[in-house]
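Numbering (this note's numbering), first residue to last: -12 to 428.
Worksheet: one structure, shown below.
Here it is in structure tokens:
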């Protein structure tokens, strides 16, 4: 059996694709109909037409919002008009539809069938990534994104999922920001931006989304037509790229001057202030039941704050006995998030931050059950990423904060093999009995 992880572009091809004279970047300014079967690129083949109909049927279905296929990404609206252009995309769509429907029906026979389709989809993706003309196409990128979702739906708890996330990050980076300013490309970037930053944090690498050219796109308020206005989610994803960069800088304390360390503390605190404001806003939305995504956003923002606060404590612990100007720096951080007296003494400040860590952990716990119920697919994917982050922090830090052990225990249930199917079962009835002739019709 082939190695399912060997689908990424080869080093030689990556070099070719990243060289401007060998890479022809084409920005398609023609809008693609999101759910139309009209094909402008080539004559539609019957299998592609049938597959398009199946995608459209799912898009038009009235399933509960938390398990609707758009939870896998609003780029799904662009898929029907692209089917038939790329075998990698066609095979990935066929695979994901089978897995998605099998999960909703809890059909073990179809789940076995979709594994065969998965191997075929990975083979097709590997071939596409080896082709200089196809490697950076919208269709190839979408195929990679879909296969990362397959791992979530199929309860695959090995490292294949993370391999797909890393692969999509590399493809997006090689494509460059120009191909993600609008349409399908922007929708795919929006679907992956949080995971790209999460992968950078998990592997302790700088995040390319923090570069100015990418920040310009992430800051742009012109969303893809049809995407929901999830402002709090957009805020937290946008600053996540900055967070990954700062966390990496904070690991280089031995190479920084005292002034450099004080600057890192200020930057971490500024980012913390932004995330805390976003969390307060979305917590209010969650309490008023104004936004279905509010619980999962609360969970994410709570984790970001825990990452920041544990890092701030680490930096303070490294610097407090060496820098006589540190107390003055702490006083400059004063804001309404903590009582004024906590900024008057470094030790009081550290105690307050430690208390905030556990408070934010409780915020995470209080939203975990509802986020799992309302947005199970997104919750599952977040748990996958957080599990990897916990493992990596354990490997790279001699004395990680004890909150991470508690957090790992808290999400252990979400990472159980049958967790997603149990949650989905609570939405029954969703679909009629499976048609024996097809696992996903």
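All C-beta atoms, glycine included, are put in the ideal place defined by N, C-alpha and C.
Check, Outcome
"With C-beta atoms as the reference, is residue 74 less than 9 Å away from residue 39?", "no"
"Report, in whole angstroms, the separation of the C-beta atoms of residue 238 and residue 191, which I expect to be a contact under 8 Å.", "7 Å"
"Note down, in chain order, each residue of its chain lying with its Cβ closer than 6 Å to the Cβ of residue 329, except the 5 sequence neighbours on either side.", "335, 336, 339"
"Mark residue 165 as exposed unless 16 or more other C-beta atoms lie within 10 angstroms of its C-beta, in which case mark it buried.", "exposed"
"Are the CB atoms of residue 133 and residue 411 nearer to each other than 9 Å?", "no"
"What does a CB cutoff of less than 8 Å around residue 18 pick up in its chain, not counting 5 residues either side in sequence?", "Any reading at residue 18 must be qualified, since the residue scores a pLDDT of 39, below 50, and its modelled position is unreliable; the value itself is stated next. Around residue 18: 170."
"Could you check how far apart the C-beta atoms of residue 266 and residue 285 are, in whole angstroms? I think they sit under 8 Å.", "7 Å"
"Cα separation between residue 399 and residue 348?", "15 Å"
"Name the two residues that bound the continuous alpha helix (DSSP H) containing residue 141.", "Here residue 141 belongs to no alpha helix (DSSP H), and DSSP marks it neither H nor E."
"In this structure, how does DSSP classify residue 78 when only helix, strand and coil are distinguished?", "helix"
"Smallest Cα separation from residue 305: which of 156, 252, 378?", "252"
"Taking the straight line between their C-alpha atoms, what separation do you get for residue 236 and residue 103?", "43 Å"
"Are the beta-carbon atoms belonging to residue 61 and residue 174 less than 9 Å from one another?", "yes"
"Can you find the residues in the same chain that come closer than 6 Å, C-beta to C-beta, to residue 45, ignoring five residues on each side of it along the sequence?", "56"
"Just how far apart, CA to CA, sit residue 93 and residue 351?", "29 Å"
"Determine the direct distance from the alpha carbon of residue 107 to that of residue 357, and round the result to whole angstroms.", "36 Å"
"Check whether the Cβ atoms of residue 233 and residue 196 lie closer than 9 Å to each other.", "no"
"Which same chain residues, not among the five before or five after residue 59, have their C-beta less than 7 Å away from its C-beta?", "136, 364"
"Rounded to whole angstroms, what is the Cα-Cα separation between residue 268 and residue 66?", "34 Å"
"So, at 7 Å on beta carbons, what are the nonlocal neighbours of residue 179 in its own chain, with the 5 sequence-adjacent residues on each side left out?", "132, 155, 159"
"Reducing DSSP to helix, strand and coil, say where residue 123 ends up.", "coil"
"Could you give the first and the last residue of the continuous alpha helix (DSSP H) run that contains residue 157?", "147 to 162"
"Compute the Euclidean distance between the alpha carbons of residue 250 and residue 149, then round it to the nearest angstrom.", "33 Å"
"Could you give the distance in angstroms between the alpha-carbon of residue 403 and the alpha-carbon of residue 395?", "12 Å"
"Sort 244, 282, 227, 283 by Cα distance to residue 294 and report the nearest one.", "227"
"What first and last residue would you give for the alpha helix (DSSP H) that runs through residue 309?", "It is not in any alpha helix (DSSP H) - residue 309 carries neither H nor E in the DSSP assignment."
"In the structure shown, what three-state DSSP assignment does residue 388 receive?", "coil"
"Does the Cβ of residue 275 have 16 or more other Cβ atoms within 10 Å, making it buried, or fewer, making it exposed?", "exposed"
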